[in-house]
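Enquirer:
Numbering (my numbering), first residue to last: 9 to 261.
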């Protein structure tokens, strides 16, 4: 099974412009902090930066290539095309989608989800379904089969569904073709994303704990951080994320 980890990132954030390029903890950029985690995933893995087709992404593209990433560009809000071009670029069987504001993603979590995905012969798997998630925001992972990506590319014409393909997936896959990974305890109240300036300060402190005497961290390390260092967790902004997605999903209910 040939896997591509697609890191979805761009520099055009309105809240913190070019945050993916900003240094955090011991890393020269948040991109490198993310890659430090992602490169620990075992298996036949390739890495692709999927970003917008804006000329403003040149610095990010240069950085990604210097870290060994291939690069795929497409219109910023056409996520289906971005997924399709990424899978085609490296001829991947499976695509793992990771977000550029989620530096607390864990390699063992990705591996566990990939194992279930393969065992169950799923077309799609996620740990971040909007209404039932138990994972902290910032540890988000989605997994797509090549077949599903090709079908979405051919079938989805609605602009909003191309930006938020989850509704197409839930309506067009059989119940045994997709699954959602959940934790035993509900940590959905916790926000570990880097969305606002104050999140960088909290993120620095969190990484200081997580990477003490370690080169990378795992899922249980993050849960330990949440349970034992509530002061640090409380410093993350916790402000609303993915408001556009929530509005889109609420309309379909």
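Just so you know, even glycine gets a beta-carbon here, dropped at the ideal spot from N, CA and C.
If you scan the segment 142-173 from start to end, which runs of the beta strand (DSSP E) of 3 or more residues do you find wholly inside it?
Expert: Listed in chain order, the complete beta strand (DSSP E) runs (minimum 3 residues) inside the segment 142-173 are 150-153.
Enquirer: According to DSSP, simplified to helix, strand and coil, what is residue 112?
Expert: The answer is coil: DSSP assigns residue 112 none of H, G, I, E or B.
Enquirer: Hey, how far is the Cα of residue 188 from the Cα of residue 148?
Expert: In a straight line, the C-alpha of residue 188 is about 11 Å away from that of residue 148.
Enquirer: Should residue 34 be labelled buried (16 or more other beta-carbon atoms within 10 Å of its own) or exposed?
Expert: Exposed, by the Cβ-count rule.
Enquirer: So which of 37, 151, 174 has the shortest CA-CA distance to residue 139?
Expert: That would be 174, whose Cα lies nearest to the Cα of residue 139.
Enquirer: Could you check whether the segment 176-191 touches the segment 125-144, counting it as contact only if at least three pairs of C-beta atoms, one from each stretch, sit closer than 8 Å?
Expert: Contact holds: three or more Cβ-Cβ distances are below 8 Å.
Enquirer: How is residue 252 classed by DSSP in three states: helix, strand or coil?
Expert: Reliability of the predicted coordinates at residue 252 is poor, the pLDDT of 49 falling under 50, and no value is obtained from them.
Enquirer: Taking just the CA atoms, how far does residue 20 sit from residue 121?
Expert: If you take the alpha carbons of residue 121 and residue 20, they lie about 30 Å apart.
Enquirer: Assign residue 220 to one of three DSSP states: helix, strand, or coil.
Expert: Three-state result, residue 220: coil.
Enquirer: Taking the C-alpha atoms as reference points, what is the distance between residue 113 and residue 62?
Expert: Distance between the alpha carbons of residue 113 and residue 62 is about 26 Å.
Enquirer: Within 10 angstroms of its Cβ, does residue 169 collect 16 or more other Cβ (buried), or is it exposed?
Expert: Result: buried.
Enquirer: Hey, quick one: how far does the beta strand (DSSP E) through residue 132 stretch, first residue to last?
Expert: From DSSP, the beta strand (DSSP E) with residue 132 extends over 132-134.
Enquirer: For the alpha helix (DSSP H) that residue 45 lies in, which residues bound it at each end?
Expert: Run containing residue 45: 38-46, per the alpha helix (DSSP H) assignment.
Enquirer: At what residues does the beta strand (DSSP E) containing residue 54 begin and finish?
Expert: Per DSSP, residue 54 belongs to the beta strand (DSSP E) from 53-60.
Enquirer: Taking buried to mean at least 16 other C-beta atoms within 10 Å of its own C-beta, is residue 214 buried or exposed?
Expert: Buried is the call here.
Enquirer: In terms of residues, what are the limits of the alpha helix (DSSP H) holding residue 234?
Expert: Its alpha helix (DSSP H) spans residues 227-236.
Enquirer: Mind checking whether the beta-carbon of residue 128 lies closer than 8 Å to any heavy atom of the ligand HEM?
Expert: As for the ligand HEM, it is missing from this structure, which has no ligand bound.
Enquirer: Quick one: residues in its chain with C-beta nearer than 6 Å to the C-beta of residue 14, no 5 flanking neighbours on either side, listed in chain order?
Expert: Result list for residue 14: 56, 58, 94, 103, 105, in chain order.
Enquirer: Beta carbon of residue 90, beta carbon of residue 100: below 9 Å?
Expert: No; because the gap between Cβ atoms is not below 9 Å, this pair is not in contact.
Enquirer: Between 227, 163, 206, 144, which has its C-alpha nearest residue 88's C-alpha?
Expert: Out of 227, 163, 206, 144, 163 has the C-alpha closest to the C-alpha of residue 88.
Enquirer: For residue 9, does the count of other Cβ atoms within 10 angstroms reach 16, so buried, or fall short, so exposed?
Expert: So residue 9 counts as exposed.
Enquirer: In or out: residue 27 buried (at least 16 other Cβ within 10 Å) or exposed?
Expert: The residue is buried, with at least 16 neighbouring Cβ atoms inside 10 Å.
Enquirer: Excluding the 5 residues preceding and the 5 following residue 151 in the sequence, name in chain order all residues of the same chain whose CB lies nearer than 8 Å to its CB.
Expert: Cβ neighbours of residue 151 beyond the five flanking positions: 102, 103, 104, 105, 121, 122, 125, 130, 132, 133, 134.
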